Amino acid sequence: HHRDPPSGSARPTMSHRKFEHPRCGSLGFLPKKRARRQRGRIKKFPKDDASKPPHLTAFLGYKAGMTHIMREVDKPGSKLHKKEVVEGVTIIETPPMVVVGIVGYVRTATGLRCLTTVWAAHLSDECKRRFYKNWYKAKKKAFTKYAAKHADGAKDIDRELQRIKDYCEVVRVIVHTQMKKVKLDQKKAHIAEIQVNGGSIADKVAFAQQFLEKQVPVDAVFTMNEMIDVIGVSKGHGYEGVVSRWGVTRLPRKTHRGLRKVACIGAWHPAKVQWSVARAGQDGYHHRTELNKKVYRIGKGEDPNNASTDFDLTEKAITPLGGFPHYGTVNEDYVMVKGCVVGPRKRVLTLRKSLLEQTSRLALEEIKLKFIDTSSKFGHGRFQTLDEKAKFMGLRKRKIA
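Residue numbering for the sequence shown follows my numbering, starting at 63 and increasing by one per position.
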């Protein structure tokens with residue numbers, strides 16, 4: 063249905079169409095069913111480069127909510143150059159993670175095979191909870207015998223670490239999140255394997271060993287202005303019909319037996335419904351990886367003014383007035399990324415270093431934040447801080463009492 067483009071315009075205009083249009087939703091993501099796991103799984107780690115020093119390649123955080131920022135664009139040649147823009151950003155709370163294990167992998171003809179795992183001597187209860195279905199009924203004996211290996215001179219531990227150095231090609235650390243530092247009801251920590259890249263195998267093992275039982279902050283993994291990937295499970299919408307699940311057109315108003323349908327689900331022959339026809343079913347709660355989210359700021363939890371900028375010297379923290387809706391206050395380190403991320407608030411997200419060498423102007427742009435909005439996200443949000451609100455409102459009944 064393409065007309066010839068009008069003179070002077072490169073884009074062809076589409077003719078008026080009433081019923082048919084391309085499907086919304088790629089068939090590459092079939093089957094659209096609920097994710098097996100809630101924590102985003104890293105299916106591929108960045109390529110290892112032995113010339114760089116050893117470093118971790120991913121981190122876990124919790125989605126707190128969104129706000130907006132104002133910044134000046136630095137893009138010579140663009141109409142926006144040196145102009146101020148307002149952009150939506152997501153705040154991901156990232157308390158330090160604890161390293162509790164080292165895993166070594168050998169490469170085989172069919173892929174990687176785990177050779178051995180070395181665990182730390184002490185595991186916190188929030189980590190051990192992950193190994194039990196029912197914590198309060200459990201005997202809580204996990205790793206009591208393993209801890210004895212560390213006690214008697216750690217001969218077994220040293221032997222396993224030496225095996226990793228001798229035979230393995232890939233070294234990963236086992237980390238867990240600290241649930242007590244996040245304002246969530248859940249007490250069971252999320253555990254993940256994160257690859258150590260850079261340096262020789264011996265360097266990697268030494269790097270992992272020095273972090274055992276220690277906390278790793280998010281700024282040891284990511285830096286400001288970096289492009290990262292976010293892996294997680296999207297917000298669930300339950301069983302949905304074809305109009306919202308696949309974006310098909312509604313039928314005319316007078317249609318018999320409903321109009322939010324696909325009018326024809328296939329020809330007589332082949333005498334079956336083709337797999338590519340839009341049908342009703344589960345929508346959302348799918349595992350997704352989103353690439354190239356730019357880090358606008360890494361805020362420190364101990365800094366009470368972690369939402370101030372060089373241009374806006376107001377003393378304020380990142381938590382908006384009244385807290386992030388359905389989340390609360392952000393008291394720990396946080397990562398601010400441009401735009402939205404997958405999942406509802408409180409959802410655990412996996413942040414991974416980019417797999418690609420970033421070269422675009424967008425990726426290399428230096429971000430200078432002028433203003434971070436901390437007004438209430440629950441209502442019209444007129445005030446940035448409680449002081450500003452008190453100054454404007456004056457004495458109120460509640461205050462006098």
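Positions of the beta carbon are idealized from the N, C-alpha and C atoms, including for glycine.
This structure is a prediction, so every number in the text was calculated from the model and none was measured.
> With distances taken between CB atoms, is the gap from Leu122 to Val304 smaller than 8 Å?
Replying inline: no
>> At the level of alpha carbons, what is the spacing between Ser222 and Ala213?
In response: A small correction: the amino acid at residue 222 is Glu; Ser does not occupy that position in the sequence shown. Between Glu222 and Ala213, the C-alpha separation is close to 15 Å.
> Start and end of the alpha helix (DSSP H) containing Cys189?
Replying inline: 187-190
>> Please state whether the Cβ-Cβ distance between Phe284 and Leu413 is less than 8 Å.
In response: yes
> How would you call Met455, buried or exposed, if buried means at least 16 neighbouring beta carbons within 10 angstroms?
Replying inline: exposed
> Residues in its own chain within less than 6 Å of Arg315 by CB, not counting five upstream and five downstream?
Replying inline: none
>> I'd like to know if the region 164-176 and the region 239-246 are in contact, where contact means that at least 3 CB-CB pairs between them fall below 8 Å.
In response: no
>> Tell me which residues share the same chain as Cys176 and place their Cβ nearer than 7 Å to its Cβ, disregarding the 5 neighbours each side in the sequence.
In response: Val165, Tyr167
>> I'd like to know if the region 390-407 and the region 277-297 are in contact, where contact means that at least 3 CB-CB pairs between them fall below 8 Å.
In response: yes
> Run through DSSP, which three-state label would Gln344 get?
Replying inline: strand
> Measuring CB to CB, does Arg101 end up less than 8 Å from His252?
Replying inline: yes
>> Contact between the region 373-392 and the region 114-130 is defined here as three or more beta-carbon pairs at a separation below 8 Å; is this criterion met?
In response: yes
> Considering only the beta carbon of each residue, do Ala369 and Ile293 sit closer than 8 Å?
Replying inline: no
> Since Arg99 contacts Gln344 with CB under 8 Å, what's their CB separation in whole angstroms?
Replying inline: Not really, about 16 Å apart at Cβ, beyond 8 Å.
>> Let me confirm a value: Gln224 is counted as buried when at least 16 other C-beta atoms fall within 10 Å, else exposed. Which label applies?
In response: exposed
> What distance in whole Å lies between the Cβ atoms of Gly384 and Gly346, which are believed to be in contact at a cut-off of 8 Å?
Replying inline: 27 Å between Cβ atoms; not a contact.
> For Phe440, does the count of other Cβ atoms within 10 angstroms reach 16, so buried, or fall short, so exposed?
Replying inline: exposed
> What first and last residue would you give for the beta strand (DSSP E) that runs through Thr178?
Replying inline: 173-181
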